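Asks:
Number of protein chains: 2
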Amino acid sequence: MAEVAEDFSSRKDAETTQGKAGEASPKSQERRERILDAAEELFATSGFDGVTLRQIAKLAGVDVALTSYYFGPKLQLFDAVLKRRGEILNRARLDALRSAEAESAPNPPSIERVIEAFLRPLEIAQESEDRGWRNYCALIAYVNNSPVWGKKMIGKHFDKLVREFTAAMQRCFPEAPARDIFWCYHNLSGALSLTFADTGRIDILSENACQSHDFKSAYDRMIPFMAAGFREICGGH
Amino acid sequence: MAEVAEDFSSRKDAETTQGKAGEASPKSQERRERILDAAEELFATSGFDGVTLRQIAKLAGVDVALTSYYFGPKLQLFDAVLKRRGEILNRARLDALRSAEAESAPNPPSIERVIEAFLRPLEIAQESEDRGWRNYCALIAYVNNSPVWGKKMIGKHFDKLVREFTAAMQRCFPEAPARDIFWCYHNLSGALSLTFADTGRIDILSENACQSHDFKSAYDRMIPFMAAGFREICGGH
DNA sequence: TTGACACTTCAACAAGCGTTGAATCTAATC
DNA sequence: GATTAGATTCAACGCTTGTTGAAGTGTCAA
Numbered sequence: 001m002a003e004v005a006e007d008f009s010s011r012k013d014a015e016t017t018q019g020k021a022g023e024a025s026p027k028s029q030e031r032r033e034r035i036l037d038a039a040e041e042l043f044a045t046s047g048f049d050g051v052t053l054r055q056i057a058k059l060a061g062v063d064v065a066l067t068s069y070y071f072g073p074k075l076q077l078f079d080a081v082l083k084r085r086g087e088i089l090n091r092a093r094l095d096a097l098r099s100a101e102a103e104s105a106p107n108p109p110s111i112e113r114v115i116e117a118f119l120r121p122l123e124i125a126q127e128s129e130d131r132g133w134r135n136y137c138a139l140i141a142y143v144n145n146s147p148v149w150g151k152k153m154i155g156k157h158f159d160k161l162v163r164e165f166t167a168a169m170q171r172c173f174p175e176a177p178a179r180d181i182f183w184c185y186h187n188l189s190g191a192l193s194l195t196f197a198d199t200g201r202i203d204i205l206s207e208n209a210c211q212s213h214d215f216k217s218a219y220d221r222m223i224p225f226m227a228a229g230f231r232e233i234c235g236g237h
Numbered sequence: 238m239a240e241v242a243e244d245f246s247s248r249k250d251a252e253t254t255q256g257k258a259g260e261a262s263p264k265s266q267e268r269r270e271r272i273l274d275a276a277e278e279l280f281a282t283s284g285f286d287g288v289t290l291r292q293i294a295k296l297a298g299v300d301v302a303l304t305s306y307y308f309g310p311k312l313q314l315f316d317a318v319l320k321r322r323g324e325i326l327n328r329a330r331l332d333a334l335r336s337a338e339a340e341s342a343p344n345p346p347s348i349e350r351v352i353e354a355f356l357r358p359l360e361i362a363q364e365s366e367d368r369g370w371r372n373y374c375a376l377i378a379y380v381n382n383s384p385v386w387g388k389k390m391i392g393k394h395f396d397k398l399v400r401e402f403t404a405a406m407q408r409c410f411p412e413a414p415a416r417d418i419f420w421c422y423h424n425l426s427g428a429l430s431l432t433f434a435d436t437g438r439i440d441i442l443s444e445n446a447c448q449s450h451d452f453k454s455a456y457d458r459m460i461p462f463m464a465a466g467f468r469e470i471c472g473g474h
């Protein structure tokens, strides 16, 4: 079992040194990215403890020592992977939420629009030609459902965003108790995680009527499904 | 990364030898259970690769070698943990489904009743004084969301049951395309997994308005929530 | 040309891993 | 009491792990 450290240290003081010498050479920058890509892919399928730095280095086509040189201890590499795309994604989702709210102002948007803002940026990322986003989402699924990583890591990278969305959901149902809002969000979050995980299980169960990597089909149904659930629980009657 | 072996072998031919000499001594039987309990707990929180046999043995209060003696390789111990409670649970859920169907015959039961049959046996298990069931459910959450274990292990232990339930759901909505039924089941399964995982995240997000181990509250809301979702997607108009 | 410095490789480290052979213990059977 | 066989312990195996110090390479500035 890996312990979750509070702070990280690396061989060189990555952030600062990088900036001091102007910018990193394009060659080394590309290697950094390749390490992150490889780590992303392997962590996503096998988890933190199921992957060795040597496997990551091999997939990235670099020496093992380079992983430590660039990112410090294994845990810090893990954190760097989570951070890289997290910031981009969170901005896209927040922008989508802001648009939805602006559109309906001064009234709150429909719950469908809020859920859509939460999901669609993922779909765009996942359907892109770059496999990296799919790996990243699968990694999030792993972390989100893990008792060990869930609190520390997901909280660290996603709490701010999630609070924006739960607040928006609350505005959709101003009379609903916060408890209900959070349990409904919980249902959405869980279904989303399983979709991310892309386990291929729905393919087998449905005898290929559904494909687990068909994210568009998943979200097309998930949005009205979850909206109906929210209304049932939070709609109040 | 661990490979998922097709078949398992142990030092002694566990099943058969056990039976031959009449029954195992109560002392050794108790130790077997303690090993399974410890493995269940640790696997649930840290995953297959995040736990060592030495940690399991220590928690169980036995020698490391005993884990191999009783269960063979690590992977077979993992499988034994999944099997132990899986059979009990699946029977309870199937019984609940059969009761619901008998009650409404010759009509199909409401989707609420089907979902209830899927969830409530878990609640009973999880709310019992024995922490073992909670650990087991958390382990299922881990396995269900894992691309590596999801297909092999969950399929092996749960496919038969899940097919019973998806078939029952289809009978609730005979006009709905199978595709829709399976995506709806997928949403239910994902939300359930996250509940199992008991990550404590909802506690933090909701500032303790919700507790992640309050399974009754979770299911009380999950049943109408998911039923409304099913109706929205599969209800047809 | 020389120096400096980021980058990269190589080899090794101590620690821990899953697993197993051999020895010892325990308890029931003859 | 001797025999037998399962249960248990102990010590060790070969191997892999994350990490690092030291040496080497490349490149740009002085």
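So the sequences go chain by chain: A and B. Numbered per this note's numbering, the first sequence spans residues 1 to 237. Numbered per this note's numbering, the second sequence spans residues 238 to 474. Glycine included, C-beta positions come from ideal geometry on N, C-alpha and C. The structure displayed is predicted, hence computed values, not measured ones.
So is A/E40 in contact with chain B if we call contact Cβ pairs under 7 Å?
Replies: No, its Cβ sits nowhere closer than 7 Å to a Cβ of chain B.
Asks: Assuming B/I428 and B/M459 are in contact, meaning their beta carbons sit under 8 Å apart, how far apart are those beta carbons, in whole angstroms?
Replies: The residue you asked about is not Ile; residue 428 of chain B is Ala in the sequence shown. Their Cβ separation, rounded to whole angstroms, is 6 Å, which keeps B/A428 and B/M459 in contact under 8 Å.
Asks: Check whether chain A comes within 7 Å of B/T304, counting only Cβ atoms and requiring the distance to be less than that.
Replies: So, not an interface residue.
Asks: Would you say B/N424 lies against chain A (beta-carbon separation less than 7 Å)?
Replies: It does: the Cβ of B/N424 has a partner Cβ on chain A nearer than 7 Å.
Asks: Counting only beta-carbon separations shorter than 7 Å, does B/F419 have a partner in chain A?
Replies: So, interface residue.
Asks: So A/R113 contacts chain B; which residues on that side make the cut at Cβ distance below 8 Å?
Replies: The contacting residues do not exist; A/R113 stays about 16 Å from chain B at best.
Asks: One question on the structure: do A/V62 and A/R31 come within less than 7 Å of each other, judged by their Cβ atoms?
Replies: Cβ distance < 7 Å, so A/V62 and A/R31 count as in contact.
Asks: Thinking C-alpha only, which one of A/R231, A/E129, A/I35, A/L188 is nearest A/Y218?
Replies: Reading the sequence as shown, one finds Ala at residue 218 of chain A and not Tyr. Residue A/L188 is the option with its Cα nearest to A/A218.
Asks: Using three-state DSSP, classify B/P461 as helix, strand or coil.
Replies: It is helical.
Asks: Excluding five sequence neighbours on each side, which residues of the same chain lie with their C-beta closer than 6 Å to the C-beta of B/H474?
Replies: The predicted model places B/H474 with a pLDDT of 48, which falls under 50 and marks its position as unreliable, so this point remains unresolved.
Asks: Would you report the Cα separation of B/R400 and B/M390, rounded to the nearest angstrom?
Replies: Cα to Cα, the separation comes out at about 16 Å.
Asks: Within 10 Å of its beta-carbon, does A/K160 have 16 or more other beta-carbons around it, so buried, or fewer, so exposed?
Replies: Per the 10 Å Cβ criterion, exposed.
Asks: Count the other CB atoms within 10 Å of the CB of B/R371; is the residue buried (16 or more) or exposed (fewer)?
Replies: Buried, since its Cβ has 16 or more Cβ neighbours within 10 Å.
Asks: Once DSSP output is grouped into helix, strand and coil, what is the label at B/V288?
Replies: The answer is coil: DSSP assigns B/V288 none of H, G, I, E or B.
Asks: Between the region 117-132 of chain A and the region 89-101 of chain A, are three or more C-beta pairs nearer than 8 Å?
Replies: Counting Cβ pairs under 8 Å, three or more are found: they touch.
Asks: Examine chain A for any beta-carbon lying closer than 7 Å to the beta-carbon of B/D286, and answer yes or no.
Replies: True, the Cβ-Cβ gap to chain A drops below 7 Å.
Asks: Within 7 Å of any Cβ in chain B, is that where the Cβ of A/I35 sits?
Replies: For A/I35, the answer is no, since every Cβ of chain B falls outside 7 Å of its Cβ.
Asks: Of all Cβ atoms in chain B, is any one closer than 7 Å to the Cβ of A/L194?
Replies: For A/L194, the answer is yes, since a Cβ of chain B falls inside 7 Å of its Cβ.
Asks: Whose Cβ in chain B lies nearer than 9 Å to the Cβ of A/G155?
Replies: Result: R438, I441, L442.
Asks: Does A/D79 pass the burial test, meaning 16 or more other C-beta atoms within 10 Å, or should it be called exposed?
Replies: It is buried - the Cβ of A/D79 has at least 16 other Cβ atoms within 10 Å.
Asks: To the nearest angstrom, how far is the alpha carbon of A/A60 from that of B/N327?
Replies: Using only the alpha carbons, I get a separation of about 43 Å.
Asks: From the DSSP output, in three-state form, read off B/C447 for me.
Replies: B/C447: coil per DSSP, three-state reduction.
Asks: Check the Cβ-Cβ distances between B/F280 and every residue of chain A, and say whether any is below 7 Å.
Replies: It does not: the Cβ of B/F280 has no partner Cβ on chain A nearer than 7 Å.
Asks: If you follow the alpha helix (DSSP H) that A/M169 is part of, which residue opens it and which one closes it?
Replies: Start and end: 155-172.
Asks: Heavy atom of the ligand FAD less than 6 Å from the Cβ of B/D417, yes or no?
Replies: Summarising the ligand content, the structure contains no ligands, and the ligand FAD is consequently not present.
Asks: With distances taken between CB atoms, is the gap from B/P403 to B/Y422 smaller than 7 Å?
Replies: Reading off the sequence, residue 403 of chain B comes out as Thr, not Pro. Yes, these two residues count as a Cβ contact at 7 Å.
Asks: Which term fits B/A339, buried or exposed, when burial requires 16 or more other beta carbons within 10 angstroms of its beta carbon?
Replies: Exposed: under 16 other Cβ atoms inside 10 Å.
Asks: Buried or exposed: where does A/A65 fall if 16 or more other Cβ atoms within 10 Å of its Cβ makes it buried?
Replies: Exposed, by the Cβ-count rule.
Asks: Would you call the CB atoms of B/L359 and B/R321 closer than 7 Å?
Replies: Not a contact, by the Cβ cut-off of 7 Å.
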